[in-house]
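Protein sequence lines correspond, in order, to chains A and B. Counting in full-length UniProt numbering, the first sequence runs without a single skipped number right up to 459 at its last residue. Counting in full-length UniProt numbering, the second sequence runs without a single skipped number right up to 459 at its last residue. Cβ coordinates follow ideal geometry from the N, Cα and C atoms, glycine included. Okay, structure first, notes after.
Number of protein chains: 2
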Amino acid sequence: MSDVAARLAQIVGDHHLLTGDAIPEDYSHDEELTLAPVKPDYVARPSCAEEVAALLVAASEHGVPVTARGSGSGLSGAARPQSGGLLISFERMNAVVEVDTTNQVAVVQPGVTLTELDAATGPHGLSYMVHPGELSSSVGGNVGTNAGGMRAVKYGVARHNILGLQAVLPTGEIIRTGGRIAKVSTGYDLTQLIVGSEGTLALATEVIVKLHPRLDHSATVLAPFGNLDQVMTAVPAVLAQGLSPYILEYVDNMTMAAIVHTQNLELGIPDQVRDSCQAYLVVALDNRLVQRLDEDVERTAELLAELGAVDCYVLEGGAARRLIEARERAFWTAKAIGADDIVDTVVPRSAMPKFLAAVQEMALAAGGGVAGCGHAGDGNVHLAVLCKDPVARKKLMTDIFSLAMELGGAISGEHGLGRAKASYFMELEDPTKIALLRRIKESFDPAGILNPGVVFGQG
Amino acid sequence: MSDVAARLAQIVGDHHLLTGDAIPEDYSHDEELTLAPVKPDYVARPSCAEEVAALLVAASEHGVPVTARGSGSGLSGAARPQSGGLLISFERMNAVVEVDTTNQVAVVQPGVTLTELDAATGPHGLSYMVHPGELSSSVGGNVGTNAGGMRAVKYGVARHNILGLQAVLPTGEIIRTGGRIAKVSTGYDLTQLIVGSEGTLALATEVIVKLHPRLDHSATVLAPFGNLDQVMTAVPAVLAQGLSPYILEYVDNMTMAAIVHTQNLELGIPDQVRDSCQAYLVVALDNRLVQRLDEDVERTAELLAELGAVDCYVLEGGAARRLIEARERAFWTAKAIGADDIVDTVVPRSAMPKFLAAVQEMALAAGGGVAGCGHAGDGNVHLAVLCKDPVARKKLMTDIFSLAMELGGAISGEHGLGRAKASYFMELEDPTKIALLRRIKESFDPAGILNPGVVFGQG
């Protein structure tokens, strides 16, 4: 056993340090599609913040790069470790420390999955409302990527639902930020700086999440439209009504066909409607009172008809749940149909028609194709990119990101840059901002041990 | 005219650079109570981002400290300039650039006041929902302090309603952050780092604010309680119901008496009720449908009765508006009754009874007194501190802040640290965090020209 391994083992215990062949393949990647898996030299499974701190001190002293891992469900490669590096897996730090009903927060360790958190808060009538597609994702992962998901249109993304952190700096110092409080104007907001930093600034070892009262009633409306432009025009109109949908998604017909096929879904849409429609809008409403929900569903259906929907289906509980679940699994559908890469750009929602039309043309010109769905209310577009040739694909991806930025958007709405999208960011972002981000990075991590290659790429 | 003055005048034009006796007294302070006014050496009134950039370059080269000023309505002295310094007043940069109804945002210059913004968005049925007490405050000031106000319990603080910035770095570089988008996971969140940084990191020259649909109907319920503990116990119970009040305020009887007296307010509360009550809860509800509002008001009144309210008054439009306005002007009431300082701490709402009881005792022991009101839903406590002796007062303030932090809170919920509360922050905050904040400050402002003395104090 090397000196480094011996020291790391001393911190977490022999049983919780893995090296060499003892490291399972699963630790060599997350769910990102394009990067080759890489085994780290060490996997440590700490049990507490103090062990994380000691690991970071040891890594600093030995110049070992450190990658944090929650559930490994990320889609940008931020949890793909480096050769020679240390992967810190938070799987043992998976306690729900407290569900605090008075302050409507939960205090959790980073390894807690969303499924586990929901099981803990449910009996109190409360929910953490961030709902990325993968409920096996961990709260720590949500912090790292600033996770989003379908409910963000009403309840916000991780950033809006994470109130405080205990975090370990690369120097081994442990700090607390924020708290069981929804507002604070006392120095710079370290919580929000660490949220979305993809393990490059500090490692969260405890997270205070905001909880909302569970609303007892919800319903889902599915509206097919003749074309995607009409869907995009309908989105702001629905939002302007103040109906506050908690889901407002578009699905193009290619993606809907793939979802229906791979998930074996029966939505009761007649063939002739399906054949004449290029896109769907999914609107879900929630309310604490069933009568208000029914009224709002009716109003929504009327509104969608006025806005040109070909038809409007109010899905019953089971069908609604299956559609939403299938939509959440759109990444797996994209993977199943052989997507070569995925896009998670965000643009102002007013720019979505132009963006989507241009992207279709770009993809055809590149000899490839795109199919998509996304968080229409947020302008967050998810595309499966089909383009085998790596050179053409890289150019296509660059063109897509470049257009999104020209339209006032950004490369990633919720997946993060990770390792996979960092080079595009380096190429396209304002160099003044990159230089500033690098200086901020150095103010946390002067030795550069935390997830090198992520956000800033290799350059 | 000095070399510096000549150079600054060249940037903004002679007419928009003031020096010496030409500087009106108003520029020497904001509304903070304890600091002596200080005239800056220069007041510049730029018209655009490029002029702001040129001013910062000139200030850097000449080592001139720079303070930004919006409307000067701040309560912590972040806009109080320094002798020898340059005050940049944003009064000429007061254009509402665009009200974008599709993306539900407004793009404004920092000098726009909340009254002006509301006038611009109103005709579109939209509102910027941050509502600090002072509607003459500017959007740029809201960015600087991360302004809050009564509606934060439902609509969040400035942080949650500011989506993007154009900002000038102290080096004169102009960057854009965020955009007309509600979510983004693309590099560190510079928008949220600049929001609440009180003019110490960068100066906002354009702000993208989130707008909400205006709800047509609102109502205000006023409930007197026997004691403050009962009020504080009622708060989480109201929130747990999912009634989503947009205002949830407590007012202690001393403050209510002062408000009623100074504002000449008639609330129709019988003397015997008033005499038996130590505190009031104010609950305001809004809805797009009047019938739902009426139902929710009725449910709220029932609930407050169950929670021990002595009575419950549903205030008519005029009375409700006057009470809310009077509550918004509580700072002026505090000033009128001769408050020696004010406190804006935030604590977890579960800790409010303990905090308020302890603070009363501390104040009595210091030979002074406190009266208060605050954003009960957010745990944000506003206290008028009466304590003439400066040594005793400083100790009392330190003890109050220290207790708030022990209880998991922070020195300021929404006013910021400014110049006035910075020394308490330096004394009480974790030195590891202060060192990190300093490094972040240096990553933006290596020459330290932006608002020295603010946030970090003189140390």
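Applying the criterion that 16 or more other CB atoms from any shown protein chain within 10 Å of the CB defines a buried residue, is residue i buried or exposed?
i	result
residue 189(B)	buried
residue 446(B)	exposed
residue 1(B)	exposed
residue 388(B)	exposed
residue 230(B)	buried
residue 264(A)	exposed
residue 318(A)	exposed
residue 80(A)	buried
residue 21(A)	exposed
residue 382(A)	buried
residue 61(A)	exposed
residue 3(A)	exposed
residue 261(A)	exposed
residue 160(A)	buried
residue 390(A)	exposed
residue 177(B)	buried
residue 83(B)	exposed
residue 479(B)	Within the shown structure, residues of chain B are numbered from 1 to 459, placing residue 479(B) beyond reach of any answer.
residue 341(A)	buried
residue 458(A)	exposed
residue 364(A)	exposed
residue 431(B)	exposed
residue 327(A)	buried
residue 330(A)	buried
Could you have a look at residue i and say whether DSSP puts it in helix, strand or coil?
i	result
residue 460(A)	Examination of residue 460(A) is not possible in this model, given that chain A is present from 1 through 459 alone.
residue 278(A)	coil
residue 272(B)	helix
residue 27(B)	helix
residue 453(B)	coil
residue 309(B)	coil
residue 45(B)	coil
residue 440(A)	helix
residue 226(A)	coil
residue 128(B)	coil
residue 462(B)	For residue 462(B) there is no data in the structure shown, the boundaries of chain B being 1 and 459.
residue 68(B)	strand
residue 415(A)	coil
residue 149(B)	strand
residue 502(B)	Absent from the structure is residue 502(B), since the part of chain B shown begins at 1 and ends at 459.
residue 94(B)	coil
residue 219(A)	strand
residue 369(B)	strand
residue 184(A)	coil
List the whole-angstrom C-beta distance separating residue i from residue j, where the pair is believed to meet the contact cut-off of C-beta under 8 angstroms.
i	j	result
residue 99(B)	residue 45(B)	So it is not a contact: roughly 25 angstroms between Cβ atoms.
residue 284(B)	residue 186(B)	Wrong, their Cβ atoms sit about 37 angstroms apart, outside the cutoff.
residue 375(A)	residue 238(A)	Not quite, the Cβ-Cβ distance comes to about 13 angstroms (not below 8 angstroms), so this is no contact.
residue 150(B)	residue 249(B)	6 angstroms
residue 52(B)	residue 157(B)	With 8 angstroms as the limit, residue 52(B) and residue 157(B) do not qualify as a contact, their Cβ atoms being about 25 angstroms apart.
residue 125(A)	residue 213(A)	6 angstroms
Taking 6 angstroms as the cut-off, does the CB of residue i come closer than this to any heavy atom belonging to the ligand ATP?
i	result
residue 310(A)	Annotation note on the ligand ATP: not contained in the displayed structure, which lists no ligands.
Could you check whether the stretch 346-361 of chain B touches the stretch 297-309 of chain B, counting it as contact only if at least three pairs of C-beta atoms, one from each stretch, sit closer than 8 angstroms? no
- Does the count of Cβ pairs from the stretch 120-139 of chain A and the stretch 69-81 of chain A closer than 8 angstroms reach three? yes
message = Please list, in chain order, the residues of the stretch 141-157 of chain A that have any C-beta partner in chain D closer than 7 angstroms.
response = No chain D appears in the structure shown, which is made up of the protein chains A and B.
If the cut-off is 7 angstroms on Cβ atoms, which residues from the stretch 405-428 of chain A count as contacting chain B, listed in chain order?
408, 409, 410, 411, 412, 413, 414, 415, 416, 417 and 425
Output, in sequence order along the chain, the residues in the stretch 292-314 of chain B whose CB is closer than 9 angstroms to any CB in chain A.
292 and 295
Q) Is it true that the stretch 243-260 of chain A meets the stretch 361-373 of chain A, where meeting means three or more beta-carbon pairs spaced less than 8 angstroms apart? A) yes
Segment contact flag, the stretch 416-428 of chain B with the stretch 36-55 of chain B, C-beta cutoff 8 angstroms, min 3 pairs
no
- Query: Using a Cβ cut-off of 8 angstroms, which residues of the stretch 231-255 of chain A contact any Cβ in chain B, in chain order?
  - Reply: 236, 239, 240, 241 and 242
*Name the residues in the stretch 169-186 of chain A whose C-beta lies less than 9 angstroms from a C-beta of chain B; which are they?*
169, 171, 173, 174, 175, 176, 177, 178, 179, 180, 181, 182, 183, 184, 185 and 186
- Query: Does the stretch 188-204 of chain A come within contact of the stretch 288-297 of chain A, defined as at least 3 CB pairs closer than 8 angstroms?
  - Reply: no
Legend entry - Cβ contact (3+ pairs, closer than 8 angstroms) linking the stretch 202-214 of chain A and the stretch 139-150 of chain A: yes
key: Residues in the stretch 66-99 of chain B having any Cβ partner in chain A nearer than 9 angstroms   = 76
- Item | the stretch 400-407 of chain B in contact with the stretch 160-174 of chain A per 3-pair CB rule at 8 angstroms | no
Could you run through the stretch 122-141 of chain B and flag, in chain order, every residue whose CB is less than 8 angstroms away from some CB of chain A? 125
- Query: At a Cβ cut of 9 angstroms, what residues of the stretch 100-116 of chain A count as close to chain B, listed as they run along the chain?
  - Reply: 100, 101, 102, 103, 104 and 105
Practice problem: Please list the residues of the stretch 310-342 of chain A that have a C-beta atom closer than 8 angstroms to any C-beta atom in chain B, keeping them in chain order. | Solution: none
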